[in-house]
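Going left to right, the sequence shown walks through residues 153 to 706 as the numbering used here numbers them.
From the three backbone atoms N, C-alpha and C, an ideal C-beta is built for every residue, glycine too.
Structure, as structure tokens:
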Amino acid sequence: MEPSPDRRTRRDRAPGTGASTPPPEPGRPPAPPRPHRATARGDADQHVPREPGRGHRRSRTSVPTRPGTTVGRRRRSGAATGPRPAGTGRAGDDPALDGAGHPPDRPTRRRAALASLGLAAAASATLLVAGLHGASPPRSDPADRPLTTDEAERVAALRVTNVRDLRAGVRVTAGAGRDRIELLGWVDWARPLLYLDVGGPGAGADRGLVQATAAALLVRPAPAALPTPARPPLVPPPDRWRLREPPAGRGLAAVRDLLLGLGADRLDPVARDGRWLRRDSLAGVPVDVLRASLAAPSGDPRPTLWLDRDARLHRLAGRLPDGTPVTVDLERADRPAPHPVDALGGRAGQPRPLTDDEADRLAGLPARLRRAGGAAVTVAAPLDPSTTLHGVGTLNWSTPSAYLTVTDDDTGRRTLRRAGPGGVAHAQASPDGPGAPPLPTPGGLPLPTPGGLLTAAARPPTDALDRLVEAALRAGTRPPDQPALRIRTDATAGRAVDVIEVPGGLRWWLDRAGLPRRLELRTTRNVWIHLTLTPTPSPPKRADSRKVGPSDAE
């Protein structure tokens, strides 16, 4: 039965195009039917077998048929139903055809939009979490805990580390309110030495400069200084230093003991009773804040320590033995070598035995002194906290004898002293009398006798200054005791000298010619007093041998 022309036309044309379908090639089986895909409406099209001679039609459903699409373009998945605008399809398109010749499915615009929205949501969530993390405060460290082994060992090495670093800048605040004192300067653990400027509203009579060792404390009062302390001069002023012995456990003595006690030449025992408090940073250096006991003298059994990874202390907060709160800040990069004052022994040296040349110069000292005849003398003697003497005089190694006029810096009291082989005599001088005894006169003229003081009754020296003058006179008759040590090279009055220490706490400053330029004595209060010697022609020997009497001292 021949198909009608209409049916032949529909068979020979591609659905929806009006173009003829090419006949199958000879010997090639026809292509199998393609399955239908589910619609965007959610209802799957049923598979309808092809009818011979007819195009494949989809089964009808109760849902209105979707409008046709243009050839070569797939339909939008999930597009809204309803009429499409005119002109979207071609003439002759059959909306019932299944589009068997359509290309394979591609991601739809809706899927692309959904994927884009998902990526945007994920990115927003990531940014939100990051923003919340950045805006939230940093996680606080856990509560205090016991020290670890490493932390305890660092505390034990703290004092040795200070000695290894030699010295550091220091700022101390002790007390609070109107009683607060502030100290600024340096601590030298290698010597050891403390050099500070004292200020603050509670400084009082201590305002000024301070130098201290573990055994002695000297002050240079400056009542008119500014309340705020400043860095002391590296080379301290040479005069007006006073010996002080403040009560132990309070004030300057307590600060001195605390600072110098932060140095030791061996490790402390490892104590495990400390606590780790938190982490901190001082001057850009990360530190651990610890509470631990120290071997240094302090009124606080467990001060708070700011300690870095190298066992260097940067801050200490605690209490002095009298309960005064104290804070110590150490500036580890500020470490010049402070110069000790003469009363504390002057610059540090490297003691060693004498060379042969130095030993010969010391042994020939008596002969050279007798040839020199005499010397002008200048006295500097901080004897005790209430007596600081300075004065001038003459010394004669030919006689031998010495005559001095000394003044107490604190009271202004003036005293005449004469020393010789028979002993020492003291006489109070008139306040309006001459401030110095006469020096030897050129031409060998006799010396006048101020106040009638000529020679002393035989009595031993009464203080350290008398012992120093006696040692200077004795050197004209016999050489200093041995063994002797060379302490250092120094200079005085433009002359290079060797500082030589002999038994008895005496130091001779000998120039290259072997003449003494200074003689020092270490007192029982651990300070040095000295006579500065300037060789002069020897005065003639006196014939008057009267002893000192009350009328002579008037």
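Ranked by Cα distance from T539, the options R647, I652, W393 are led by W393. Assigned with DSSP and collapsed to three states, T300 falls in coil, not helix or strand. For the set R499, P503, D460, V493, the Cα lying nearest the Cα of L482 is the one of D460. Here D358 is near L404, since their CB atoms are less than 9 angstroms apart. DSSP lists R504, I652 as the beta-bridge partner residues of R638.
The beta-carbon distance between L521 and W549, rounded to whole angstroms, is 4 angstroms. This is short enough to meet the 8 angstroms contact definition. In this structure, I681 is the residue among A264, T530, T300, I681 with its C-alpha nearest to the C-alpha of V493. In terms of Cα proximity to P449, the closest of H466, R402, L442, A524 is R402. Non-local C-beta neighbours of P503 in its own chain, meaning closer than 6 angstroms and more than five positions away in sequence, comprise L637, I639, ordered along the chain. Counting along the chain, D618 sits inside the alpha helix (DSSP H) bounded by residues 616-626. Under the DSSP assignment, T313 falls outside any beta strand (DSSP E), being part of the alpha helix (DSSP H) whose first and last residues are 310-317.
Per DSSP, L410 is one residue of the alpha helix (DSSP H) stretching across 403-412.
Under DSSP, E483 takes part in a beta bridge, and its partners are G321.
T540 is bridged by DSSP to P534. In this structure, DSSP gives P518 a helical state, which the three-state scheme calls helix. Residue state for A469 is assigned as strand, using DSSP reduced to three classes. Counting C-beta pairs closer than 8 angstroms gives fewer than three between the stretch 546-562 and the stretch 639-654, which falls short of the contact rule. Put simply, the stretch 331-340 does not touch the stretch 299-308. Fewer than three CB pairs are less than 8 angstroms apart. DSSP places A423 in no beta strand (DSSP E); its state is neither H nor E.
The C-beta distance from H542 to A532 rounds to 6 angstroms, short enough to fall under 8 angstroms. Contact between the stretch 349-367 and the stretch 376-385 is established, with three or more Cβ pairs separated by less than 8 angstroms.
In this chain, the beta strand (DSSP E) harbouring V439 covers 437-443. CA-to-CA, the gap between T456 and G426 works out to about 10 angstroms. Measuring C-alpha to C-alpha distances from H578 to each of D618, A624, G498, P552 identifies D618 as the nearest. Remark: C-beta atoms of A368 and N678 approach each other more closely than 9 angstroms. By the Cβ neighbour-count rule, P453 is exposed, with fewer than 16 other Cβ atoms within 10 Å of its own.
In the assembly as shown, L419 is an exposed residue. Its beta-carbon has fewer than 16 other beta-carbons within 10 Å. For V493, the secondary structure class from DSSP, reduced to helix, strand or coil, is coil. Here D633 is exposed. Its C-beta has fewer than 16 other C-beta atoms within 10 Å. Cβ atoms of I652 and L434 stay farther apart than 8 angstroms, at about 46 angstroms. Shown here for P552: same chain residues with a beta carbon closer than 6 angstroms to its own, the five before and five after excluded, namely L625, G628 in chain order. Taking the Cβ atoms as the reference, R319 lies roughly 4 angstroms from D340, within the contact range of under 8 angstroms.
The continuous beta strand (DSSP E) containing E672 extends over residues 668-674. Taking the C-beta atoms as reference points, A495 is found nearer than 9 angstroms to P534. Beyond the five residues adjoining it in sequence on each side, P613 comes within less than 6 angstroms, by CB distance, of V576, R619, E622 in the same chain, given in chain order.
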